[in-house]
Amino acid sequence: MAVGVQCRDVGKRFGAACVLNGVSWTARAGAVSGLVGVSAAGKTSLLRIIAGLDRADSGTVEFPRDEVSQTEAAKAQSPRIGMTFQNLSLWPHLTARQHVASVLRVAARDGAVEALLAEVGLPASTFDRRPAELSGGEGQRLALA
Numbered sequence: 003m004a005v006g007v008q009c010r011d012v013g014k015r016f017g018a019a020c021v022l023n024g025v026s027w028t029a030r031a032g033a034v035s036g037l038v039g040v041s042a043a044g045k046t047s048l049l050r051i052i053a054g055l056d057r058a059d060s061g062t063v064e065f066p067r068d069e070v071s072q073t074e075a076a077k078a079q080s081p082r083i084g085m086t087f088q089n090l091s092l093w094p095h096l097t098a099r100q101h102v103a104s105v106l107r108v109a110a111r112d113g114a115v116e117a118l119l120a121e122v123g124l125p126a127s128t129f130d131r132r133p134a135e136l137s138g139g140e141g142q143r144l145a146l147a
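The sequence shown stops at residue 147 when you use the working numbering, and every number in between is there.
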């Protein structure tokens, strides 16, 4: 299976605190991968660097056919990468369809909202449900959409 993302010797500091020190990690394309560790181990910091939300102080993050070094951090922002958290930021009064339409502002474009919801794995039966009516995993996928 091909490499989806590869981190090599990634380092990150916040002031005097070293949160990542020479971290290397590979996730395979098309596979489900996870980072497990104790609180404050640097999991979120590494994911934020991979997603392009933060810049590594050292090391590289590589994707198929393109490399993002510390001087090219903006290239890491990619539609292939999403990030969500346990506490979701969803509006309780909106349906899944309305959430995506409000963010994309393409509600008039037939099928765009539904295509994005389907792309993150939400079945059509969930499109008109509110967050409280979704399972935890469905809510996570909606937050990614």
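Glycine is no exception: its CB is placed at the ideal position from the N, C-alpha and C atoms.
- Rounded to the nearest angstrom, the gap between the Cα atoms of ARG132 and TRP93 is 8 Å.
- The straight-line gap separating the alpha-carbon atoms of VAL105 and VAL34 is approximately 26 Å.
- Taking C-beta separations shorter than 8 Å and ignoring five residues to either side along the sequence, the partners of ARG99 in its chain run VAL115, GLU116, LEU119, PHE129 and ASP130, following chain order.
- Judged by beta-carbon spacing, ILE51 lies beyond the 7 Å limit of VAL7, meaning their Cβ atoms are not closer than that value.
- Less than 7 Å divides the Cβ of SER47 from the Cβ of LEU22.
- With a cutoff of 7 Å on beta-carbon distance, GLY39 and LYS45 are scored as near each other.
- Taken atom to atom, the span from the alpha-carbon of VAL63 to that of VAL25 is near 11 Å.
- In terms of Cβ geometry, ASP59 and GLY17 do not form a close pair [threshold 7 Å].
- Between ALA29 and the set LEU49, CYS20, ALA19 and SER137, the nearest pair of CA atoms involves LEU49.
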